[in-house]
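J.:
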Amino acid sequence: FEQRIGSGYLDQLSRPSNASEGALSPGPTWTHLDSCDSRCRWLRFSSWLECVCVVTFDLELGQAIELVYPQDVKLTEKEGRGHMVCYFPGCLGDTQFSFRLRQSVGRRTSRFTEDVYNRDAPVTLEVSHFFGYVYFRQVKDVSVKRGYFQKSLVLVSRLPYTHLFHSLLQIIAPEFFEKLEPCLEAVCNEIDQWPSPIPGLTLNLPVMGVVLQVRSGSVNNKGKNLLPAPTLLPTIHELDLFRCFQSVLIHLQMLWELMLLGEPVVVMAPSPNVSSETVLALVSSISPLKFCCDFRPYFTIHDSEFREYTTRTQAPASVILGVTNPFFIKTFQTWPHIIRLGETKMAGDLPKQVKVKKLSKLKTLDTKPGIYTAYKTFLHKDKILIKRLLKGIQRKRPSEVQSAILRRHLLELTQSFIIPLERYMASQMPLQRSVTPWKTPPQIRPFSQDEFMSTLDHTGPQLTSVLKGDWMGLYRKFFRSPNFDGWYRHRHKEMTQKLESLHLEVICNADLLGWTKDKSEVEIVDLILKLREKLIKARRQQLQVKDGVLDKLEAFITSIISSLPEDLQTVLGTH
Numbered sequence: 283f284e285q286r287i288g289s290g291y292l293d294q295l296s297r298p299s300n301a302s303e304g305a306l307s308p309g310p311t312w313t314h315l316d317s318c319d320s321r322c323r324w325l326r327f328s329s330w331l332e333c334v335c336v337v338t339f340d341l342e343l344g345q346a347i348e349l350v351y352p353q354d355v356k357l358t359e360k361e362g363r364g365h366m367v368c369y370f371p372g373c374l375g376d377t378q379f380s381f382r383l384r385q386s387v388g389r390r391t392s393r394f395t396e397d398v399y400n401r402d403a404p405v406t407l408e409v410s411h412f413f414g415y416v417y418f419r420q421v422k423d424v425s426v427k428r429g430y431f432q433k434s435l436v437l438v439s440r441l442p443y444t445h446l447f448h449s450l451l452q453i454i455a456p457e458f459f460e461k462l463e464p465c466l467e468a469v470c471n472e473i474d475q476w477p478s479p480i481p482g483l484t485l486n487l488p489v490m491g492v493v494l495q496v497r498s499g500s501v502n503n504k505g506k507n508l509l510p511a512p513t514l515l516p517t518i519h520e521l522d523l524f525r526c527f528q529s530v531l532i533h534l535q536m537l538w539e540l541m542l543l544g545e546p547v548v549v550m551a552p553s554p555n556v557s558s559e560t561v562l563a564l565v566s567s568i569s570p571l572k573f574c575c576d577f578r579p580y581f582t583i584h585d586s587e588f589r590e591y592t593t594r595t596q597a598p599a600s601v602i603l604g605v606t607n608p609f610f611i612k613t614f615q616t617w618p619h620i621i622r623l624g625e626t627k628m629a630g631d632l633p634k635q636v637k638v639k640k641l642s643k644l645k646t647l648d649t650k651p652g653i654y655t656a657y658k659t660f661l662h663k664d665k666i667l668i669k670r671l672l673k674g675i676q677r678k679r680p681s682e683v684q685s686a687i688l689r690r691h692l693l694e695l696t697q698s699f700i701i702p703l704e705r706y707m708a709s710q711m712p713l714q715r716s717v718t719p720w721k722t723p724p725q726i727r728p729f730s731q732d733e734f735m736s737t738l739d740h741t742g743p744q745l746t747s748v749l750k751g752d753w754m755g756l757y758r759k760f761f762r763s764p765n766f767d768g769w770y771r772h773r774h775k776e777m778t779q780k781l782e783s784l785h786l787e788v789i790c791n792a793d794l795l796g797w798t799k800d801k802s803e804v805e806i807v808d809l810i811l812k813l814r815e816k817l818i819k820a821r822r823q824q825l826q827v828k829d830g831v832l833d834k835l836e837a838f839i840t841s842i843i844s845s846l847p848e849d850l851q852t853v854l855g856t857h
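Numbering-wise, this note's numbering comes out as the position in the sequence shown, counting from 1, plus 282.
(1) Note down the Cα distance separating K422 from K356, rounded to an integer number of angstroms.
(2) Assuming S736 is part of the alpha helix (DSSP H), what are its boundary residues?
(3) Is it buried or exposed, G652, if we count other Cβ atoms within 10 angstroms and call 16 or more buried?
(4) Start and end of the alpha helix (DSSP H) containing G429?
(5) Can you tell which of I806, L786, E805 has the C-alpha that lies nearest to the C-alpha of D829?
(6) Which residues in the same chain have their Cβ closer than 6 Å to the Cβ of L603, if we skip the five residues on either side of it in sequence?
(7) Using a Cβ-Cβ cutoff of less than 6 Å, which residues in the same chain neighbour D576 once the five nearest sequence positions on both sides are dropped?
(8) Using 8 Å as the threshold, is the segment 734-746 in touch with the segment 693-713, meaning 3 or more CB pairs across them?
(9) Taking only runs of the beta strand (DSSP E) that begin and end inside the segment 546-609, which ones reach a length of at least 3 residues, in chain order?
(10) Excluding five sequence neighbours on each side, which residues of the same chain lie with their C-beta closer than 6 Å to the C-beta of S558?
(11) Evaluate contact between the segment 752-767 and the segment 674-687, counting only Cβ atoms and requiring at least three cross-stretch pairs below 8 Å.
(12) Would you check if there are 3 or more beta carbon pairs closer than 8 Å linking the segment 774-789 to the segment 584-597?
(13) Is it the case that the Cβ atoms of L466 and Y351 are separated by a distance below 8 Å?
(14) Could you spell out the range, first to last residue, of the beta strand (DSSP E) harbouring I454?
(15) For Y706, name the three-state secondary structure that DSSP assigns.
(16) Does DSSP put F766 in a helix, a strand or coil?
(17) Under the rule that 16 or more other beta-carbon atoms within 10 Å means buried, what is I454, buried or exposed?
(18) Does the contact criterion of 3 or more C-beta pairs under 8 Å hold for the segment 613-621 versus the segment 410-425?
(19) Go through its chain and collect everything with a Cβ distance to F609's Cβ below 6 Å, but skip five positions before and after it.
(20) Could you check the C-alpha separation between T242 and R622 for me, to the nearest Å?
(21) Terminal residues of the continuous alpha helix (DSSP H) containing I839?
(22) Report yes if the C-beta distance between I839 and R821 is below 8 Å; otherwise report no.
(23) Determine the contact status of K634 and M628, defining contact as a CB-CB distance below 8 Å.
(24) Alpha carbon to alpha carbon, what distance is there between I532 and K663?
(25) Ordered along the chain, which non-local residues of its own chain (more than five positions away) have a Cβ less than 8 Å from that of Q475?
(26) Name the two residues that bound the continuous alpha helix (DSSP H) containing E803.
(27) Helix, strand or coil for M536? Go by DSSP, reduced to three states.
(28) Would you list the residues sitting across from F379 in a DSSP beta bridge?
(29) Do you know offhand how far F877's Cα is from L562's?
(30) Compute the distance between the beta-carbons of M541 and L564, then report whether it is under 8 Å.
(31) Which class does I726 belong to by DSSP, given the choice of helix, strand or coil?
(32) Would K572 and V807 qualify as a contact pair, given that the criterion is a beta-carbon distance under 8 Å?
(33) Does the beta-carbon of V556 have 16 or more other beta-carbons within 10 angstroms, so that it is buried, or is it exposed?
(34) So what does DSSP say about E776, is it helix, strand or coil?
(35) Tell me, please, which residues DSSP counts as bridged to F339.
(36) Give the straight-line distance between the Cα atoms of S449 and E348, rounded to the nearest whole angstrom.
Structure, rendered in structure tokens:
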């Protein structure tokens, strides 16, 4: 039983990345949306996007939201002025990037059932914040007073499907900048006809004469009736890791540890695109473990949380900030880890690798690329991986192949770290024989850090990883991080729900009618109320129980109530 309880997550950890990470996980998340009639306007649209915003530059107002579509969507002052308009870079040409922001307190989410989605999605694709996917254009235009055409098209969504939405922008943005609002209205109407993002199904997503076919995190173009799509998308959310990390390949071990431990990190990049992609790549490096700290792929001095994250009166928060403004070098001088990126330079055939530098070398002006930190890694570098990647560059191995090698390495490294924790957590689960129908389910035993550490000699990461170093020191520091807290809460919740499900099944297999024969009416009524409460809770939480268990329990409650005196039947609500 302990093996069975612990095996589900371990199986998930052992899947290849294109299964565990790329999948729109199994489960009937959006079925109710597909039966909706025409009265549910924008219901399917809102399962993919919250809204589409157009941000422009006004001579009198500065950056301003020109349009929000659908028109009934209302952004709060903080979401609108405090966030959307501040992500307006000044670079020439076309630029794509992402940002992330908090949902305002009290925002209505009935059109997008987060709890239902999160129950079925992999933890790394759960939703909690808004993401903004931006296509910004700035070109010379003599017909405009300032001499430049400046607009951003922003897709706002709770779904962290970075690759899918940026590919969508590449299709719709060029047309939008030519035809403006009519084009936007047509696109939104098309998205409102999309099938809901039901996990595990093949979905055809038509937009502007292109049909994207999406399944298990992949998008391809095949099928007799599909129009040819301009871009093949192998994933809905994964980035080109190799491109993001090409100038820091020799420091991957350090970056992985900083993410695992939830350390405060600032990424200073030459553009919003590099900033946002690097932050998102860093966050994904510890997958399938969920990154439980805050992260902002592109952060500006106009952001409404600027003061919160730049105060010097307290230690830096556990957050990753991606920035481009040199002003931040002075602001973040007290932060422990700063990654300063420049334009990628080549040293012969290889990308020039940045160096680790002392924080005291961080200058206000003209700070050279480098990783400014005093951090010492717990584990040694994987020199074989680095040589393999560098050799791949020399042999002109495709970037997607390099990324696959990199992603597999990071996945296996995270698995090696997390599997001992999973194995120990599974051992804290009560035995099945201790779950009885007449008692409250037994408690999960508390997590003992010392007891866990004592298991590492025989069942530690050395069983699956060749990396040497201070694994025990890494675990001790991990226990103090938000990522451990988030992991533990998630696993404890899963195990508690498993116990509840087992308790329901044991109750249904018991002779409940026989138990009631020699019991008083008070005891019987108390049993009925408790069973009703468990039934309501099971349905609300959508517990995974064997087929027929809940129906059987409801039938028993109805049967036993009908055997009671009429006055009690009335009280219990059967008439």
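For each residue, glycine too, the CB sits at the ideal point set by N, CA and C.
T.: Quick look at the numbers:
(1) 32 Å
(2) 731-741
(3) buried
(4) From DSSP, G429 is part of no alpha helix (DSSP H); its letter is neither H nor E.
(5) L786
(6) V548, R578, F581
(7) V601
(8) yes
(9) 547-550, 576-578, 601-605
(10) F379, S380, P579, Y580, G604
(11) no
(12) no
(13) yes
(14) That residue, I454, is in no beta strand (DSSP E); its alpha helix (DSSP H) goes 444-461.
(15) helix
(16) helix
(17) buried
(18) no
(19) none
(20) With the chain covering 283 to 857 only, the question about residue 242 has no answer from this structure.
(21) 831-844
(22) no
(23) yes
(24) 8 Å
(25) R326, P488
(26) 803-823
(27) helix
(28) V416
(29) Given that the chain is displayed from residue 283 to residue 857, the structure contains no residue 877 and the question cannot be resolved.
(30) yes
(31) coil
(32) no
(33) buried
(34) helix
(35) Q345
(36) 23 Å
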